[in-house]
Amino acid sequence: MIRLVKRQSKLVFTLGRFMGFLKLLLHNGKSVGGLTIIAIFCVLALAPGWFTPYDSLGQNPAELGFPLAGGSAAPVWLRHMPTWLGGKPELSENMMVCQNPGCPKLVRDGGELNFTVDGSGLVINESDVDYPYTQALGFLKLAEPGSLNVTFSRGSGTFYNGSKVVIFKEFEFPYLGAPSRFYGNIELYVKGTVDAWGKLDVPVKVTVFLGLVGGKMWRLWPPPHNPAEDSRVPMGFTKDLLTGQPGPIEKPEYGSLVYDNVSKSWVNQHWITPVQTTISRIDSESNSVSNSKSDFGAPPNRPVTMVFTSLPDRYVYGVEMIFIDQKDSGKPVSTSVFIDDFGLLFFGTSWGIMGSDHHGQDLFAQLVYGTRVSLYLGVMVSVLSVAIGLIVGLSAGYLGRVVDELLMRFTDLLLVLPGLPLLIVLVAVLGATIDNLIILLGFLGWMSFARMVRSQVLSVKERPFVEAAKAVGAGKLHVIITHVLPSVMPLVYISLALSVPGAITAEASLAWLGFYDPFRMTWGRMLNMFFEANATTNWWWVLPPGLCIAAIAAAFVLLGYALDEVLNPKLRQRR
Amino acid sequence: MGLRSYILKRLAYSFVLVLLIIVLNFVIFKMMPGDPVIFMTRPFQGKLSPEEITAQQDLLRELWGIGAPLHVQLAKYMRNLLSWQFGTSIVGKTPISELMARRIPYTMLLIGSGTVFSIILGVILGVAVIQRRGTIMDSASVTTSLVLGSLPTFWLGLVFLLIFYSTLRWFPNAGAFPRSWALGWPVAWSSVSQSSPNALSIVFSFDIGQAWTLVGGYIFHLFLPVLTLTVFLFGGWLLLTRATMLDTVAEDYIVTARAKGLTERSVLYGHALKNAALPLITSAAISFGFMFSGAIITETVFTYPGLGGWIWESIRTLDYQVLMSVFYVISLCVVLANIVADILYGIIDPRIKYG
Numbered sequence: 003m004i005r006l007v008k009r010q011s012k013l014v015f016t017l018g019r020f021m022g023f024l025k026l027l028l029h030n031g032k033s034v035g036g037l038t039i040i041a042i043f044c045v046l047a048l049a050p051g052w053f054t055p056y057d058s059l060g061q062n063p064a065e066l067g068f069p070l071a072g073g074s075a076a077p078v079w080l081r082h083m084p085t086w087l088g089g090k091p092e093l094s095e096n097m098m099v100c101q102n103p104g105c106p107k108l109v110r111d112g113g114e115l116n117f118t119v120d121g122s123g124l125v126i127n128e129s130d131v132d133y134p135y136t137q138a139l140g141f142l143k144l145a146e147p148g149s150l151n152v153t154f155s156r157g158s159g160t161f162y163n164g165s166k167v168v169i170f171k172e173f174e175f176p177y178l179g180a181p182s183r184f185y186g187n188i189e190l191y192v193k194g195t196v197d198a199w200g201k202l203d204v205p206v207k208v209t210v211f212l213g214l215v216g217g218k219m220w221r222l223w224p225p226p227h228n229p230a231e232d233s234r235v236p237m238g239f240t241k242d243l244l245t246g247q248p249g250p251i252e253k254p255e256y257g258s259l260v261y262d263n264v265s266k267s268w269v270n271q272h273w274i275t276p277v278q279t280t281i282s283r284i285d286s287e288s289n290s291v292s293n294s295k296s297d298f299g300a301p302p303n304r305p306v307t308m309v310f311t312s313l314p315d316r317y318v319y320g321v322e323m324i325f326i327d328q329k330d331s332g333k334p335v336s337t338s339v340f341i342d343d344f345g346l347l348f349f350g351t352s353w354g355i356m357g358s359d360h361h362g363q364d365l366f367a368q369l370v371y372g373t374r375v376s377l378y379l380g381v382m383v384s385v386l387s388v389a390i391g392l393i394v395g396l397s398a399g400y401l402g403r404v405v406d407e408l409l410m411r412f413t414d415l416l417l418v419l420p421g422l423p424l425l426i427v428l429v430a431v432l433g434a435t436i437d438n439l440i441i442l443l444g445f446l447g448w449m450s451f452a453r454m455v456r457s458q459v460l461s462v463k464e465r466p467f468v469e470a471a472k473a474v475g476a477g478k479l480h481v482i483i484t485h486v487l488p489s490v491m492p493l494v495y496i497s498l499a500l501s502v503p504g505a506i507t508a509e510a511s512l513a514w515l516g517f518y519d520p521f522r523m524t525w526g527r528m529l530n531m532f533f534e535a536n537a538t539t540n541w542w543w544v545l546p547p548g549l550c551i552a553a554i555a556a557a558f559v560l561l562g563y564a565l566d567e568v569l570n571p572k573l574r575q576r577r
Numbered sequence: 022m023g024l025r026s027y028i029l030k031r032l033a034y035s036f037v038l039v040l041l042i043i044v045l046n047f048v049i050f051k052m053m054p055g056d057p058v059i060f061m062t063r064p065f066q067g068k069l070s071p072e073e074i075t076a077q078q079d080l081l082r083e084l085w086g087i088g089a090p091l092h093v094q095l096a097k098y099m100r101n102l103l104s105w106q107f108g109t110s111i112v113g114k115t116p117i118s119e120l121m122a123r124r125i126p127y128t129m130l131l132i133g134s135g136t137v138f139s140i141i142l143g144v145i146l147g148v149a150v151i152q153r154r155g156t157i158m159d160s161a162s163v164t165t166s167l168v169l170g171s172l173p174t175f176w177l178g179l180v181f182l183l184i185f186y187s188t189l190r191w192f193p194n195a196g197a198f199p200r201s202w203a204l205g206w207p208v209a210w211s212s213v214s215q216s217s218p219n220a221l222s223i224v225f226s227f228d229i230g231q232a233w234t235l236v237g238g239y240i241f242h243l244f245l246p247v248l249t250l251t252v253f254l255f256g257g258w259l260l261l262t263r264a265t266m267l268d269t270v271a272e273d274y275i276v277t278a279r280a281k282g283l284t285e286r287s288v289l290y291g292h293a294l295k296n297a298a299l300p301l302i303t304s305a306a307i308s309f310g311f312m313f314s315g316a317i318i319t320e321t322v323f324t325y326p327g328l329g330g331w332i333w334e335s336i337r338t339l340d341y342q343v344l345m346s347v348f349y350v351i352s353l354c355v356v357l358a359n360i361v362a363d364i365l366y367g368i369i370d371p372r373i374k375y376g
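Taken in sequence, the protein lines are chains Z and H.
Here the working numbering is used: the first residue of the first sequence is 3, the next is one more, and so on.
Here the working numbering is used: the first residue of the second sequence is 22, the next is one more, and so on.
Now the structure itself:
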C-alpha cells in the first residue's frame, strides 16, 4: 500500500516537473519557433497524401513511368504573375483535345467530332464494337464502350476511287506558347471484302493530322520511316513533318504502316490487311510513333514548335481516310474502318505548384515526400549517435584508467578522420540504402558528444552523493544509472536536437553526389537531378529543397538552444 | 618537457594515426563485396574444366598478391601507400599519383583562398559585432551565421550559379581556366637564348598583358567557388571571434587601454584581438585540413578540376581505387594540419605545458 502511494506520488512529481519544463519551453520564443517548423514538417512527412496525389517520385501511381507534364515545366502560377516580377505569360498548361477519346462520337450524335465527306458510297455510324486499351495511356482511362464506324460500299461495276472522309475536332488553343509535347492515340480496326489474294478490295489510307485551321496540316501518323529501326519499311515515309520537311497531307501515299503485335515491329503491309487492329501512339518527342513506354527522350529540336506557329489560335486534330477503289472484282465490295480511342493530349510548359522535373514528374510531390526521409534519417541518426556517445562517454568517464585511455584514443582517431570523404568511400562500398546511411552517419557522429559526456561524468564522479552511494555499497551500474546519468540528461536532450541538422545535411550532400536510394526521393536527390538535368534557370526547382533543408536545420538548432537555456538555469540568468 | 620532445611526441602520435588510417583503408577494401578473381575468370566458365579454372584463379591470386596471408598483404599495402604508390586509375589507365599531382594544386588554390577570405571576413565582422554587442545587428549576424553554416554547400553553389551564371552571365560555371586556353595558353614570360662564338645571350621577355590574362583567367574561374566557400565558412569564424573576444574585452587591460585614451579601433584590434587570436590561429590550421570536405562538394558544383571533382568522377565510374587514394591523401592533410596546429600552439602560447 505504502509502495503504491509512493509510486503514485512519484508519478505526480515527475508529471509536475515535466509540465514545468514544458511551460518553460513554451515560454521560450526560440523553442516555439523551432517546434512549429518541426511540427509542420512532421505533418508533411506523416501524411504526404493530404498534400499531393502523386507518389514519392512525383509520378501518378496509376500510370507509373508516364509524365504528368512536359519536361522541366514551370509552376502554373508563373503564368499569372506580371512579367516584371518574373512572370511568364507564354507558358501553356496541359490540355486534352478530345474530351471523350474512349468513345468517339460525332456532333450529329451528341459527341464532339465533326466530319466532311468527299465522294460517294460512304456511311458513318456509331458502332457498339469497342477496342479496349491494352496498354494504359493516362487520359484514356475513362474509356467508354463504342467506336466510330466508317463504311465504304458499292455495287459491282461502279468505281468511286478517292472517296474521302475526314473526322476532326477543331479546338481553341488558348495559350500564348506552344505545348512542351503532345501525346496522341488512335486505334484502327479495318475489315472488308477481299480479293482472290486475300487483300482488301478497297484498301484505305489513313492519316492522322494536326494543324492550324486554314493553315498547314501536319501528319502525325503513320510514323516517319526510321531506316535504323526497321529496314523493311519502304522509303516514301521519310518526308514526314515531325522530322523532315513539311508537306501537305493531301499528297497521295498509297500504303500504310501497321504495327504487328506479334513480331513487335512495323510491317509494311502496303495495304492494310482485311482484318487488322492497330494501336498507335503519337509522341511529339520520338521520331516514330511510340509503342513502348521507355521511348521518352528529349529531341534535338522541338517539333511541337513547328506545328504551333500562331498562338493563340484555332487548331484541328483529325483523321483522314481515303478509300482506294481501283480493283474490279466483279462483285459488290465494302470496307469498314472502326476508329476508337481517338485522342490527343498536350503537355504544358507549366505544371502544378512547383513545376516538373526533366521527366515531367511533379516536383511538389518530391519535395513533400523528401521531408519523410530527411526527418526519419535525421532523428534516427541523432538517436543512434547520442546513444553511442552516451555509452562511450559514461564508461570512459566513470570507469577511467585503461578503458578511458582506449576509448578516448579511438575517439580522437575518429575525430581526425575527414568525415565526408570517409562517408563517400564507405557508402560507395556498402551501398546507399537509407539503413546504411543511418548506421554510418550514427557511427561517425558521436565523438564530440562522448567527450562532453566524459567531462561531465568526471566532474560528477567526485561529488559527495556519488561517494555516499559508493560507501553504501552501490554497484557501478547502479551508480551510473541512478546518480550519474541524470546529471548528463540535459546534455543528451540538447545533443539530440543539435545533431539532427548535421545528419540531414550530410545525407543531402551524399545524395547530391549521386549516392541515393533509387526508390526514395530526398531533397538532396532533387538537387542532384536539377544539376543533372542542366536546368540552370529553373529557380523553382533549386530553391525549395535547399530552403527546406535550411528551415529544418534552423528549427533543430533553435530547439537545441532553447533546451540549453531551459535546462541550464545558470545560462538563463546570464543571458 | 621541452618544445622539441613535445613536437617529436606529436609526430610519433601522428605517424601511428596515419598507420591506423591505412589499416582502415585496407579494411574497407576487404569489406567490398565480390571476389575480383572469380569475376575475372567468369568468362572461362564452361570453356575450361573446373581444375583449369581453379589453376587460373590461383595464378591470378599469386599475380596480384591477394593469395598471401592478410598481414603480409597489409604490410605491402602500407608500404605502397607510404611510398605514394596508389596503383592505376581504371579510367585512362594512368598512375593515380600522377593524376593526383595534377589536381592537388587546384584544390590547394581553392581551399587556400577560401580559408583566407572566410577568416578575414569572419574576423573583421566578428570584431565589428563585438563593438555593437547587444544590438539588433549583433543577434542578426549571429543568426545569419548559424543559418549560413547549416545550409548545404552545394545548394549555395547552385544558387550562385543560378544568379551569376544563368541569369547575369557574369562568371563561368565550370573549369579552372577559360576553355579557349586549350588552343593557346597565354605566355606571360619567355626566354630566347642565342649562342654565338663569342658569348651566350639569353633574353628574357615578360609580357604584362599576357600575365594579366593568365592571372585574370584563373581568378575569373575561381571567383564563384571561393565565394561559395567563403559564404559557407565565414559565419563560423564570426562566431568564434565573437566568443573569444567576449571574454577578452572584459579583461582589465582593455579597461586600462581605454583609460589611456586609445581609440576604440586600436583597443579592439591592437589589444583585444591580439589576445583573442590564439584559438583563432590554431583552429585556422585545423580547419585547413577539414576544408577538404567543403571543397569536395564545391568542386563538384563548379566542375573544378581538383580532388573533389575527381571524387565525383570516380563515383560515376566506380573507380574505388581513386576514391580510396583521395580519402587517404585528404586524411593525411588533416593529420598534417593537426600537427601544424599543435606546434603553432606550442610556439605561440608561452603558458602551454608540453605534455
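Beta carbons: idealized from backbone N, C-alpha and C, even for Gly.
Annotation: Met158 of chain H has no Cβ neighbours in chain Z at a cutoff of 8 Å; minimum Cβ distance is about 17 Å. Remark: C-beta atoms of Phe253 of chain H and Leu169 of chain H approach each other more closely than 8 Å.
Where Thr209 of chain Z is concerned, there is no enclosing alpha helix (DSSP H), although the beta strand (DSSP E) around it starts and stops at Val206 to Leu214. Here Val247 of chain H is actually not in contact with Leu172 of chain H; their C-beta atoms are around 17 Å apart, not less than 8 Å. By the criterion of a C-beta distance shorter than 7 Å, Ala195 of chain H is surrounded in its chain by Phe323 and Thr324, once the five residues flanking it on both sides are discounted.
Under the three-state reduction of DSSP output, Thr156 of chain H falls in the coil class, being neither helix nor strand. Comparing C-alpha distances from Arg156 of chain Z to each of Z:Gly179, Z:Arg183 and Z:Gly194 shows the shortest one belongs to Z:Gly194. Listed in chain order, the alpha helix (DSSP H) elements of length 4 or more contained wholly in the segment 127 to 205 of chain H are 157 to 171 and 174 to 181. When the beta-carbon positions are compared, Cys100 of chain Z and Gly350 of chain Z stay at least 8 Å from each other. When the five nearest sequence neighbours on each side are left out, the beta carbons in the same chain lying within less than 8 Å of the beta carbon of Ser358 of chain Z are those of Gly60, Pro69, Leu70, Ala71, Gly72, Gly73, Ser74, Ala75, Asp364 and Leu365, in order along the chain. Glu407 of chain Z and Val356 of chain H have their C-alpha atoms spaced approximately 20 Å apart. Between Ser304 of chain H and Met121 of chain H the beta-carbon gap is near 27 Å, outside 8 Å, which marks them as no contact. Closer than 8 Å to the CB of Tyr127 of chain H there is not a single CB belonging to chain Z.
For Gly330 of chain H, same chain residues with a beta-carbon under 7 Å away, outside a window of 5 residues either side, are Glu320, Thr321 and Thr324 in chain order. The three-state secondary structure of Glu72 of chain H, taken from DSSP, is helix.
With respect to the 8 Å criterion, Val462 of chain Z and Val468 of chain Z are classified as neighbours on the basis of their beta carbons.
For Tyr317 of chain Z, the enclosing beta strand (DSSP E) starts and ends at Asp315 to Phe325. Chain-order list of chain Z residues neighbouring Leu261 of chain H: empty, with the shortest C-beta distance near 15 Å, by a criterion of under 9 Å.
Within the segment 8 to 95 of chain Z, the alpha helix (DSSP H) runs of at least 4 residues that lie entirely inside it are, in chain order, 31 to 48. With contacts defined as CB atoms closer than 8 Å, Val431 of chain Z and Met53 of chain H qualify as a contacting pair. Taking a C-beta distance under 8 Å as the contact criterion, Ser165 of chain Z and Asp327 of chain Z qualify as a contact pair.
Against chain Z, a Cβ distance below 8 Å from Phe348 of chain H picks out Pro420, Pro423, Leu424, Ile426 and Val427. If you look at Phe366 of chain Z, you'll find it in the alpha helix (DSSP H) that goes Leu365 to Leu401. For Val375 of chain Z, no Cβ of chain H is located within less than 8 Å of the residue's own Cβ. Under the three-state reduction of DSSP, Pro218 of chain H is assigned to coil, being neither helix nor strand. In this structure, Trp541 of chain Z lies near Leu183 of chain H, with their beta-carbon atoms less than 8 Å apart. In the three-state DSSP reduction, Asp519 of chain Z falls in the coil class, being neither helix nor strand. If you draw a 10 Å sphere on the C-beta of Asp342 of chain Z, you find 16 or more other C-beta atoms in it, and that means buried.
Around the CB of Thr277 of chain H, fewer than 16 other CB atoms lie within 10 Å, so the residue is classed as exposed. Using a Cβ-Cβ cut-off of 8 Å, Ser314 of chain H counts as an interface residue toward chain Z, since at least one Cβ of chain Z sits closer than that to its own. Inside the segment 491 to 560 of chain Z, DSSP marks no whole beta strand (DSSP E) run of 3 or more residues.
Nearest to Thr251 of chain H by C-alpha distance, out of H:Gly238, H:Ser104, H:Gly113 and H:Phe181, is H:Phe181. Ser134 of chain H has its alpha-carbon roughly 37 Å from the corresponding atom of Leu493 of chain Z. Nearest in C-alpha terms to Ala367 of chain Z, of all of Z:Ile483, Z:Pro547, Z:Gly320 and Z:Leu446, is Z:Pro547.
The DSSP-derived three-state label of Phe323 of chain H is coil.
For Phe50 of chain H, the enclosing alpha helix (DSSP H) starts and ends at Leu24 to Met52.
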